[in-house]
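Structure first, commentary second.
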Ligand SMILES: [Zn+2]
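Numbering (the numbering used here), first residue to last: 492 to 570.
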């Protein structure tokens with residue numbers, strides 16, 4: 492197969508576009524995943540609305556701001 496300059500330019504253009512699209516999708520997917528993971532650890536105090544993160548595997552966490560017990564893992568997606 493003989494590769495002409497036009498073919499080469501077209502190939503590079505198409506390749507870079509495909510790469511850019513691929514990386515955009517990958518980075519977006521990674522970002523969404525890390526965001527949802529961070530959201531799973533996020534607790535918003537029901538008393539003072541102080542938002543904090545908790546990585547412990549417990550059902551209730553105490554708010555570092557006011558000390559109120561907050562239930563964790565209650566997804567709002569079902570509602
Ligand atoms: Zn609180």
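Quick reminder that beta carbons are idealized off the backbone N, C-alpha and C, glycines included.
Proximity of the stretch 495-504 to the stretch 516-535 falls short of the contact definition, fewer than three beta-carbon pairs being nearer than 8 Å. Between residue 554 and residue 536, the C-beta gap is smaller than 8 Å, which places the two residues in contact. Annotation for residue 516: the continuous alpha helix (DSSP H) segment containing it runs 496-531. Short of 8 Å from the beta carbon of residue 549, and not among the five residues preceding or following it, lie these beta carbons of its own chain, in chain order: 563.
Within the same chain, 536, 539, 541 come within 7 Å of residue 556 by CB-CB distance, once the 5 residues on both sides are set aside.
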